[in-house]
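S.K.:
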Amino acid sequence: MTPEVVEWEDFELNCLTRNCDGQMKPVKNERDTIGMVYCPMCEVVVRLHYEPSYPSDEHYPL
């Protein structure tokens, strides 16, 4: 099942666990989705408005 994609503003407002930041993984799929992260605690993909600075080997496979 594909996780829901939400905008960062919506995620920030609706996220119940405010300490999710350290859990997020960059999203990498066949289209190389840049600027998106996956939050395993909320089970959503968040579309960021900036380029996240994560190590490239920690991508969450969609």
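Just so we're aligned, residue 7 is where the sequence shown starts under the working numbering, counting upward by one.
Just so you know, even glycine gets a beta-carbon here, dropped at the ideal spot from N, CA and C.
Here the structure is a predicted model, which is why all the values come from computation and not from measurement.
Label residue 32 either buried or exposed according to how many other C-beta atoms from any shown protein chain fall within 10 Å of its C-beta, with 16 as the threshold for buried.
M.R.: Counted from its first residue, the sequence shown places residue 32 at position 26. Burial call: buried.
S.K.: For residue 9 and residue 29, which I take to be in contact (beta-carbon distance under 8 Å), what is that distance rounded to the nearest angstrom?
M.R.: The count along the sequence shown starts at 1 and reaches residue 9 at position 3. The count along the sequence shown starts at 1 and reaches residue 29 at position 23. The pair is not a contact, with the Cβ atoms about 13 Å apart (cut-off 8 Å).
S.K.: At what residues does the beta strand (DSSP E) containing residue 10 begin and finish?
M.R.: For the purposes of this step, residue 10 is taken as residue 4 along the sequence shown, with counting starting at 1. Run containing residue 10: 10-13, per the beta strand (DSSP E) assignment.
S.K.: Taking the beta strand (DSSP E) that residue 42 falls in, what are its first and last residues?
M.R.: Residue numbering aside, residue 42 sits at position 36 when the sequence shown is read from its first letter. Looking at the DSSP string, the run of the beta strand (DSSP E) that includes residue 42 is 42-45.
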